[in-house]
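J.: The structure's right below; bear with me while I get my questions together.
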Amino acid sequence: MQMTTTDKTLDEILTLAATHFKVPRQRLTPDDDFFKTLGIDSLQALDLLTKLENHFRIELPDYELQGVSDFRTLASRIQARL
Amino acid sequence: MLNLDQYSCLGAALRDALDRWPNEVCLIESDRNREKIRLTYSDFKETAKPLSRALQDADLKAGDRAAIIMTNQSKWLISAYSIFHIGGVVVPIDYKLTATEQLQLLAHSHAKFLVVEYHLWRAITRAPEFSSHQLKTVLVTEAPLGAELAGAFRWEEFRRKGEPEFIPRRRDDIACIVYSSGTGGRPKGCVLTHENYLEQCKSLTAWYPFQPGVRYLSILPTNHAIDFMVGFIGPLVCGACVVHLRTLRPEFVRDAFVRYKITYVSLVPMVLKNLERGLKAKFQELSPVKRFFLDRMIALNRVLVRRRPNLQRSRKLLRQVHEGFGGELLAMFTGGAFMEPSTLQFFYDLGIPVANGYGLTEAGTSLTLNDFRPFRADTVGRPLPGVELRILSPDAEGIGEVSAHSKTIMAYYLDDPELTAETIVDGWLLTGDLGRFDTAGHLQLFGRKKNMIVTEGGKNIYPEDIETVFDGLAVKEYCVFAANYIWPDKQLGHETLVLVLRMDQNQEFNEPLKNEIVFRNRKLPDFKRVGGYVIWGEDFPRTASMKIKRVLLAEEIGKHLERATAVVDL
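Structure follows, in structure tokens:
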């Protein structure tokens, strides 16, 4: 089955997060609380945002991450700017 | 700097500062690698003047409250100045709160005016409580063209020609209402006077002077007491420059140190640890030979700065490390949350002094600060000039509640005389923190007497503020506590909140219930979440009006359960 655009974005985010924080990709699921699953603080989450910006070639203001703690919501914020 | 003894209010001091250093750079604002704004003191004045006038024409009168909800940026300071200039009271509100929480604080403060960033305003207008707001005039910054503003004005266009009338205030008039907590049940609006700020500014700059040429990097939210003082009032009344970054990505923060040759910065422990982690990672990448020499240089520097910092020598010995911080850094300030001594020592050994301090919103900004005479990683420093501290009812180890007396102590909690009377007794502020003085007069902190935590990001979290998220949870009753409040621990750090559950008869804690708790917990901002849960086998003790007797309940739990086995991580 072909992935929808949002699913593809989500998949890329999960892969990138797994690589950046050196965790197995299969451990990450879309609804994970990434602070908890990755064991990161809000600054490390901002670091991830930079990696995502470079990957998707977009610019995301810091406030886009405010109140976001799961990959799925993050993907929808990114998708809206693609 | 200006002689602050001559001033009765912040508005007058700031007004004179703008005239005194017209050509000095006052504000720099950068977004990533792009510098967006650079204003001299004269430019600042010209930008603020039409805004003051427009606010005055919009009927902002002396004593009227105007809230600001913005990330750190030049418009924050320009707006606050404009409000002070015409006698208004500034209500700084945390931009990281939810829109509902912000609306609660706007209502509690009786703010009639609001300056807010567009994305925050958009969230506020979508909150269910928006329809009942009492705001009269709202100014929105950086709204996109054609954006729906729900009756607000564009900050950039809210201008009137003509000279605004300067409205002087007395020293005991209210300057700001700053919320130390309380978006849940009981908002704690600290009413701070012009005297509080003028005196705090005097005492801080006595130890760490600002002057023209000094550049302060503003990272902590400006609504926070520390940045409001050292990232706004302090630098401006001394002719110094404030640098704002529109993103707090660690890489751009590191770049800013170099690009703007930063002199001072205030950081919460989380940011300092991030910098430490980054430096250690870089050290790890060095070849064995380079690493060997670096370690020798650090060891030598440690000897040289044993008694007091020696920046000249440290900069020569560890040139590359210091260049990574711009080469002109005099000190970094930290406080408000527990800072691990090993992190402070790490930076000090590199010749970068981190002044650890202690304060609370109720006390203005800071009560104590490390003066590096000598450096002590295990304390929060000595009382600042004008601050008297006492340890109440000390135990055999000399540890008791820290109480403070100073001209910087707030006047009262807004609309809460009962809480004010419990907190300020005979002019002494009861901090709720446990500490003792060592023989050198340095204050050491050992925990909290109060039911709250301070996060590594410097946020005060009170259990009552987050309990409502668990409303209707399918258990008999529940209550949130700071774990250290139930199990007193004579140390700070690793503070966490726990959800205490009393199950219904024959009810078992099961997976669906756990999932429900996790789901609700995640509705809270990450820094406010509970870290674990505790199953308690008795009904909660309650008052005649059915309020939970929290003190008694915490004592009972602490008496009958061990923390290590009782708390289950979420």
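Same order as they appear, the protein sequences are chains A and B.
Per the working numbering, the first sequence starts with residue 913, numbered consecutively.
Per the working numbering, the second sequence starts with residue 71, numbered consecutively.
All C-beta atoms in this analysis are idealised placements derived from N, C-alpha and C, irrespective of residue type, glycine included.
Quick one: which residues of the segment 514 to 529 of chain B get their C-beta closer than 8 angstroms to a C-beta of chain A? List them in chain order.
T.: Glu526, Gly527
J.: Could you spell out where the alpha helix (DSSP H) holding Lys593 (chain B) opens and where it closes?
T.: Element bounds for Lys593 (chain B): n/a, residue is neither H nor E.
J.: Quick one: which chain A residues come within Cβ less than 8 angstroms of Leu318 (chain B)?
T.: Among the residues of chain A, those whose CB is under 8 angstroms from the CB of Leu318 (chain B) are Leu955, Leu958, Asp974, following chain order.
J.: Looking at Ala177 (chain B): is its Cβ nearer than 8 angstroms to the Cβ of Ala197 (chain B)?
T.: no
J.: Along the chain, where does the beta strand (DSSP E) that runs through Thr263 (chain B) open and close?
T.: Its beta strand (DSSP E) spans residues 258 to 263.
J.: Of all Cβ atoms in chain B, is any one closer than 8 angstroms to the Cβ of Ser981 (chain A)?
T.: yes
J.: Sort B:Thr501, B:Pro464, B:Gln390, B:Phe395 by Cα distance to Thr438 (chain B) and report the nearest one.
T.: B:Thr501
J.: Going along the chain, which residues of its own chain have a beta-carbon closer than 7 angstroms to the beta-carbon of Gly601 (chain B), five neighbours each way excluded?
T.: Within the same chain, Gly601 (chain B) has close Cβ partners Thr566, Leu567, Val568, Asp639, Leu640.
J.: Under the three-state reduction of DSSP, which class applies to Tyr165 (chain B): helix, strand or coil?
T.: coil
J.: Quick one: residues in its chain with C-beta nearer than 6 angstroms to the C-beta of Arg590 (chain B), no 5 flanking neighbours on either side, listed in chain order?
T.: Hits under 6 angstroms: Val539, Phe540.
J.: Could you give the first and the last residue of the continuous beta strand (DSSP E) run that contains Gly451 (chain B)?
T.: Judged by DSSP secondary structure, Gly451 (chain B) falls outside any beta strand (DSSP E); it is assigned neither H nor E.
J.: For Phe947 (chain A) and chain B, any beta-carbon pair shorter than 8 angstroms?
T.: At least one chain B Cβ lies under 8 angstroms of Phe947 (chain A).
J.: Looking at chain A, is there any beta carbon in it that lies within less than 8 angstroms of the beta carbon of Arg192 (chain B)?
T.: no
J.: Expressed to the nearest angstrom, what Euclidean distance is found between the alpha-carbon atoms of Pro533 (chain B) and Phe597 (chain B)?
T.: 12 angstroms
J.: When the Cα atoms are used, what is the spatial distance from Gln577 (chain B) to Thr635 (chain B)?
T.: 20 angstroms
J.: Whole angstroms is fine: what's the gap from Phe442 (chain B)'s alpha carbon to Tyr418 (chain B)'s?
T.: 10 angstroms
J.: Could you give the distance in angstroms between the alpha-carbon of Ala641 (chain B) and the alpha-carbon of Arg85 (chain B)?
T.: Any question about residue 641 (chain B) goes unanswered here, given that chain B covers just 71 to 640.
J.: What are the complete beta strand (DSSP E) segments, minimum 3 residues, inside the segment 131 to 198 of chain B?
T.: For secondary structure counted as the beta strand (DSSP E) over 3 or more consecutive residues, the segment 131 to 198 of chain B holds these complete runs in sequence order: 135 to 139, 159 to 162, 183 to 187.
J.: Compare the C-beta of Thr918 (chain A) against all C-beta atoms of chain B and say whether one is closer than 8 angstroms.
T.: no
J.: Closer than 7 angstroms: is that where the CB of Asp89 (chain B) sits relative to any heavy atom of the ligand ATP?
T.: This structure lacks the ligand ATP; in fact it carries no ligand of any kind.
J.: Taking 8 angstroms as the cut-off, does the segment 279 to 286 of chain B touch the segment 308 to 315 of chain B (at least 3 CB pairs, one atom from each stretch)?
T.: yes
J.: By how many angstroms is the C-alpha of Ala957 (chain A) removed from the C-alpha of Trp225 (chain B)?
T.: 31 angstroms
J.: Of the residues B:Ala132, B:Cys260, B:Gly397, B:Arg385, which one's Cα is nearest the Cα of Asp485 (chain B)?
T.: B:Cys260
J.: Residues of chain D with CB closer than 7 angstroms to the CB of Asn344 (chain B), please, in chain order.
T.: No chain D is part of this structure, whose protein chains are labelled A and B.
J.: Per the contact definition of three or more C-beta pairs closer than 8 angstroms, is the segment 295 to 304 of chain B in contact with the segment 396 to 415 of chain B?
T.: yes
J.: If you run the structure through DSSP and keep just helix, strand and coil, what is Val373 (chain B)?
T.: If DSSP states are grouped into helix, strand and coil, Val373 (chain B) belongs with the helices.
J.: Using the three-state DSSP reduction, which class does Leu571 (chain B) fall into: helix, strand or coil?
T.: In the structure shown, Leu571 (chain B) sits in a strand (DSSP, three-state: E or B).
J.: Spell out the partners DSSP gives Thr110 (chain B) in its beta bridges.
T.: B:Val95
J.: Contact defined as beta carbons within less than 8 angstroms: I believe Thr275 (chain B) pairs with Met71 (chain B). What is the distance between those atoms, to the nearest angstrom?
T.: 6 angstroms
J.: Excluding five sequence neighbours on each side, which residues of the same chain lie with their C-beta closer than 6 angstroms to the C-beta of Glu537 (chain B)?
T.: So the list reads Val550, once near-sequence residues are dropped.
J.: So is Arg135 (chain B) buried or exposed if we call it buried at 16+ other beta carbons inside 10 Å?
T.: buried
J.: Do the CB positions of Gly505 (chain B) and Ile469 (chain B) come within less than 8 angstroms of each other?
T.: Taking 8 angstroms as the cut-off, the beta carbon of Gly505 (chain B) is found closer than this to the beta carbon of Ile469 (chain B).
J.: Find the residues of chain A that neighbour Arg329 (chain B), judging by a C-beta separation of less than 7 angstroms, and give them in chain order.
T.: Within chain A, no residue comes near Arg329 (chain B); the closest Cβ sits about 17 angstroms away, beyond 7 angstroms.
J.: Determine which residues share a DSSP beta bridge with Ala83 (chain B) and list them.
T.: Paired residue(s): none; Ala83 (chain B) is not in a bridge.
J.: Measuring only between beta-carbons, confirm whether Thr941 (chain A) sits less than 8 angstroms from chain B.
T.: no
J.: From the DSSP output, in three-state form, read off Phe442 (chain B) for me.
T.: DSSP places Phe442 (chain B) in coil when its eight states are reduced to three.
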